[in-house]
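Top line first, the protein sequences correspond to chains E and Z.
When you read off a place in the first sequence, starting at 1, and then add 212, the result is the number in our numbering.
When you read off a place in the second sequence, starting at 1, and then add 212, the result is the number in our numbering.
Built from N, CA and C at the ideal position, the CB exists for glycine as well.
Take a look at the structure set out below.
Number of protein chains: 2
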Amino acid sequence: MATAGGRRPSATRRAGNRRSQPYDADSLLEVAVKVFTERGYDGTSMEDLARAARITKSSFYYHVSGKEELLRRSLDRALDGLFAVLAEERAVQGRAIDRLEHVVRRSIEVLVDQLPHVTLLLRVRGNTRVERRALERRREFGRAITKLVSEAVSEGDLRAGIDEGLTARLLFGMINSVVDWYRPNGGSLTAGSLADAVVSLTVEGWRQPGAQPRR
Amino acid sequence: MATAGGRRPSATRRAGNRRSQPYDADSLLEVAVKVFTERGYDGTSMEDLARAARITKSSFYYHVSGKEELLRRSLDRALDGLFAVLAEERAVQGRAIDRLEHVVRRSIEVLVDQLPHVTLLLRVRGNTRVERRALERRREFGRAITKLVSEAVSEGDLRAGIDEGLTARLLFGMINSVVDWYRPNGGSLTAGSLADAVVSLTVEGWRQPGAQPRR
DNA sequence: GTCTATATTACGATAGAC
DNA sequence: GTCTATCGTAATATAGAC
Chain E
213 MATAGGRRPS ATRRAGNRRS QPYDADSLLE VAVKVFTERG YDGTSMEDLA
263 RAARITKSSF YYHVSGKEEL LRRSLDRALD GLFAVLAEER AVQGRAIDRL
313 EHVVRRSIEV LVDQLPHVTL LLRVRGNTRV ERRALERRRE FGRAITKLVS
363 EAVSEGDLRA GIDEGLTARL LFGMINSVVD WYRPNGGSLT AGSLADAVVS
413 LTVEGWRQPG AQPRR
Chain Z
213 MATAGGRRPS ATRRAGNRRS QPYDADSLLE VAVKVFTERG YDGTSMEDLA
263 RAARITKSSF YYHVSGKEEL LRRSLDRALD GLFAVLAEER AVQGRAIDRL
313 EHVVRRSIEV LVDQLPHVTL LLRVRGNTRV ERRALERRRE FGRAITKLVS
363 EAVSEGDLRA GIDEGLTARL LFGMINSVVD WYRPNGGSLT AGSLADAVVS
413 LTVEGWRQPG AQPRR
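Okay, here's the thing in structure tokens:
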């Protein structure tokens, strides 16, 4: 999965806030997006970013044109990851219910893998052109999910009578909410076991199989 | 449900952005929180608020001490609503599974009823004391939900083997995600039918009852 | 590449007239 | 209660030395 590019010049080097070698635009993006997710994009100043990188504002500006470039690159990373999932073999071939499950599982992987970027994406409000473009792509992703749910109903694998758009929204609402608490260092909770929990909860429900229906 | 106070001096009067009678602190809170949810709290300036209220910044300051007072009052409104649910008769008496369902349904009602305030609450980052206090109360609410899920497992009404904390988080993640798309003017989708969808999806799952298990 | 210093604008907040 | 005018601060961004 990784960061999609090839070379990784400073990812490990910078781990632990160690300040030794000069920055490049990519390593500063990492720093920035981390701070954005902690304090919010609008709540973060270039001074905050520079302090987190242990350099001055001016040095920061040497590498990037400004806050919005950082936001744009981060949002693109998240969106490219999600759309790549929609293009995968198992997302386009087979029964809709299987394609849906695949997209759910892989989306959770992308979310965990690109956690800060996806987090930022999910909090965008649409105040600038960059943000509005991201929102539009997000809506496009949502439409693709709704279509999958719709087809799964048509093919008889989801209960008829459910509202496709609503179900899709609630499903991805559940998935997206993961960014609010998931922390990679947590250890045992992998993207896979998280996906298991989500799929289990939405597919089978939490009802105790033996239990009497309660109404 | 309403706005908890008694008199409603300008709620209807202000509907439709009509500008006629003088403001008070409560009617300005409504205006402000609406803008906050659209542009984000940090992304909103007092100038923005004043423009939305069709008065000047100075006039706005005549009624409120500043942005943070507006935030504090909004967050308190959301949190008070949610905690009131936990204190309701049906949230403290009976089987845990029934108490849980009641809290889920009533929380959705509060969310819909106090939509902008709950929206703001869910987006708080913890940058100020006011925000950190709200986050702490939110965590306390979360712990109460986890406890309910836990008890429902103990009482044998939820499948054993599920992770209580994870289930609680995913459940309320699904519920909370509603603020990202629900619009009251939408018409036919009431809090009740929304709650039905959430309960149905999480309790029964979306599997077609007649369908063969697929793995 | 990184720094100090600074230009410029935006923002939160207040003073004082009406 | 609302206005115009303004103060002080903090933010984005750049210039120029090293």
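Exercise for review: Could you tell me whether any non-hydrogen atom of the ligand SAH is closer than 6 angstroms to the CB of Z/Phe-248?
Suggested key: As presented, the structure is devoid of all ligands, the ligand SAH included, so that no description of it is given.
Practice item. Please go through the same chain and pick out, in chain order, the residues whose beta-carbon is closer than 7 angstroms to the beta-carbon of E/Thr-331, but skip the five residues on each side of it. Key: Numbered from 1 along the first sequence, position 119 holds the residue referred to as residue 331 of chain E. Here the set comprises Thr-249, Val-391.
**Study point:** Interface residues of chain Z facing E/Asn-388 [CB-CB closer than 7 angstroms]
**Key:** Mapped onto the first sequence, residue 388 of chain E falls at position 176. Correct list: Ser-389.
Review point. On the three-pair Cβ rule with 8 angstroms, is the segment 385-403 of chain Z touching the segment 313-333 of chain Z?
Key: Taking 8 angstroms as the limit for Cβ pairs, the verdict is that the segment 313-333 of chain Z does touch the segment 385-403 of chain Z.
Point to revise | Buried or exposed (CB count within 10 angstroms, at least 16 for buried), Z/Asn-397 | key: Here residue 397 of chain Z is taken as the residue at index 185 of the second sequence, counted from 1. With fewer than 16 other Cβ atoms within 10 Å, it is exposed.
Point to revise | 7 angstroms Cβ shell around E/Ala-244 - same chain, five flanking residues per side excluded | key: The residue you call residue 244 of chain E lines up with position 32 of the first sequence. Excluding positions up to five away in sequence, the list reads Leu-261, Leu-282.
Practice item. Could you list the residues in the segment 396-418 of chain E with a C-beta less than 7 angstroms from some C-beta on chain Z, going in chain order? Key: Ala-409, Val-410, Leu-413, Thr-414, Val-415, Glu-416, Gly-417, Trp-418
Check your understanding: Per DSSP, E/Arg-302 is paired with what?
Key -> Looking up residue 302 of chain E in the first sequence gives position 90. Bridge pairing for E/Arg-302: absent [DSSP].
Practice item. Could you spell out where the alpha helix (DSSP H) holding Z/Pro-328 opens and where it closes? Key: Indexing the second sequence from 1 puts residue 328 of chain Z at position 116. Where Z/Pro-328 is concerned, the enclosing alpha helix (DSSP H) stretches over 327-335.
Review point. Which word fits Z/Glu-300, buried or exposed, when buried means at least 16 other C-beta atoms lie within 10 angstroms of its C-beta?
Key: Working through the second sequence from its first residue, we reach residue 300 of chain Z at position 88. Flag for Z/Glu-300 reads exposed.
**Study point:** Proximal chain E residues relative to Z/Thr-379, where beta-carbon distance stays under 8 angstroms
**Key:** In the second sequence, residue 379 of chain Z corresponds to position 167, counting from 1. Neighbours of Z/Thr-379 on chain E, chain order: Ala-409, Leu-413, Trp-418.
Exercise for review: Compute the Euclidean distance between the alpha carbons of Z/Val-411 and E/Arg-351, then round it to the nearest angstrom.
Suggested key: Against the second sequence, residue 411 of chain Z aligns to sequence position 199. Against the first sequence, residue 351 of chain E aligns to sequence position 139. In a straight line, the C-alpha of Z/Val-411 is about 25 angstroms away from that of E/Arg-351.
Check your understanding: Cβ of E/Asp-260 less than 7 angstroms from any chain Z Cβ?
Key -> Taking the first sequence and counting its residues from 1, one reaches residue 260 of chain E at position 48. By this cut-off, E/Asp-260 is not an interface position.
Point to revise | Listed by chain order, chain Z residues near E/Gly-255 by CB distance under 7 angstroms | key: Counting from one through the first sequence, the residue named residue 255 of chain E turns up at place 43. Under the 7 angstroms cutoff, chain Z gives Asp-254, Arg-337, Asn-339.
Review point. Apart from the five residues on each side of it in sequence, which residues of its chain come closer than 7 angstroms, Cβ to Cβ, to Z/Arg-419?
Key: Here residue 419 of chain Z is taken as the residue at index 207 of the second sequence, counted from 1. Excluding positions up to five away in sequence, the list is empty.
**Study point:** Paired residues, beta bridge with Z/Arg-419 - DSSP
**Key:** Residue numbering aside, residue 419 of chain Z sits at position 207 when the second sequence is read from its first letter. Note: Z/Arg-419 sits in a beta bridge opposite E/Leu-370.
Exercise for review: Run the CB neighbour count on E/Gly-306, radius 10 Å, all protein chains shown included, and call it buried at 16 or more, exposed below.
Suggested key: What you label residue 306 of chain E is simply residue 94 of the first sequence in a count that begins at 1. The residue is exposed, with fewer than 16 neighbouring Cβ atoms inside 10 Å.
**Study point:** Per-residue contacts from Z/Arg-251 into chain E (C-beta, under 9 angstroms)
**Key:** Within the second sequence, residue 251 of chain Z is the residue found at index 39, counting from 1. The contacting residues are Asp-254, Arg-337, Gly-338, Asn-339.
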